[in-house]
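These notes are about the structure you will find just below.
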Amino acid sequence: VRFQSGILRFAVDAEERLENAFAFVDQHRDLWVGINLLGREDNGKGFALRFLDTFRKMRRIYSGIGLSVHGGEVESPGRNVRDTLLLGATRIGHGINLISDPDTLLIMRNGKYLVEINLISNRLLEYVPDVAKHPFPEYLRLGIPVCLNTDDRGVFDSNMTDEYYTAVTSFSLKWNEIVQLGRNSLNFAFVELPLKK
């Protein structure tokens, strides 16, 4: 088991919490492997570029701490995922509006960034009220690394079986696509290579 430290991006003191999280993860690398900046970026206090200076400061001090940041969690078109990549994230939570930014979409194709897909929470939160219209299959079949996640298992009362069932029944996934989702999750995990093997 490995953990990520979660920081709510709307908090007034989110930058300070972010710095504390980096220090904590650095001191406990046996179990803690990354930082996850949570929450929608369309909140006036949660936009990605608010944290750019803090992440740059932390990169001058720390290396090898994985970053998973919610980005593109809104339906409206925008450069949210691109701004999130500027923070240094290699895992993007949600990525719903990535579909509206062709330049970033192409950067992500066959790239070193993964989009964490959360079908059930996206439906329950009404980000994508009709799961059949979710951009997930476009990402998967375009070659953007994606994996399935629950977003928050306790809040949404979903598990990985629910996510895979929804993906398979909604998008007629083939076996090789199901296997690829699992491999993507493993390839982009914030753990050392011997553990991945």
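For the sequence shown, position 9 (counting from the first letter as 1) is numbered 11 according to the working numbering, and the numbering increases by one without interruption. Yeah, the Cβ is synthetic: ideal placement off N, Cα and C, and Gly gets one too. Just so you know, these numbers come straight off a predicted model, no measurement behind them.
Check	Outcome
Going residue by residue through the region 45-130, where are the continuous beta strand (DSSP E) segments of at least 3 residues, counting only ones entirely within it?	68-73, 93-96, 116-119
In the DSSP assignment, find the beta strand (DSSP E) that holds residue 36 and state where it starts and stops.	34-40
By Cβ distance, which residues of its chain are closer than 7 Å to residue 8, with the 5 residues on each side in sequence left out?	38, 40
Note down, in chain order, each residue of its chain lying with its Cβ closer than 8 Å to the Cβ of residue 144, except the 5 sequence neighbours on either side.	107, 111
What does the alpha-carbon distance come out to for the pair residue 163 and residue 6?	22 Å
What would DSSP say about residue 146, mapped onto helix, strand or coil?	coil
Identify, in the order they occur along the chain, each residue of the same chain with its Cβ nearer than 7 Å to the Cβ of residue 114, setting aside the five sequence neighbours on each side.	92
Could you give the distance in angstroms between the alpha-carbon of residue 72 and the alpha-carbon of residue 197?	26 Å
Assign residue 190 to one of three DSSP states: helix, strand, or coil.	coil
Just to confirm, are residue 97 and residue 76 a CB contact at a threshold of 7 Å?	no
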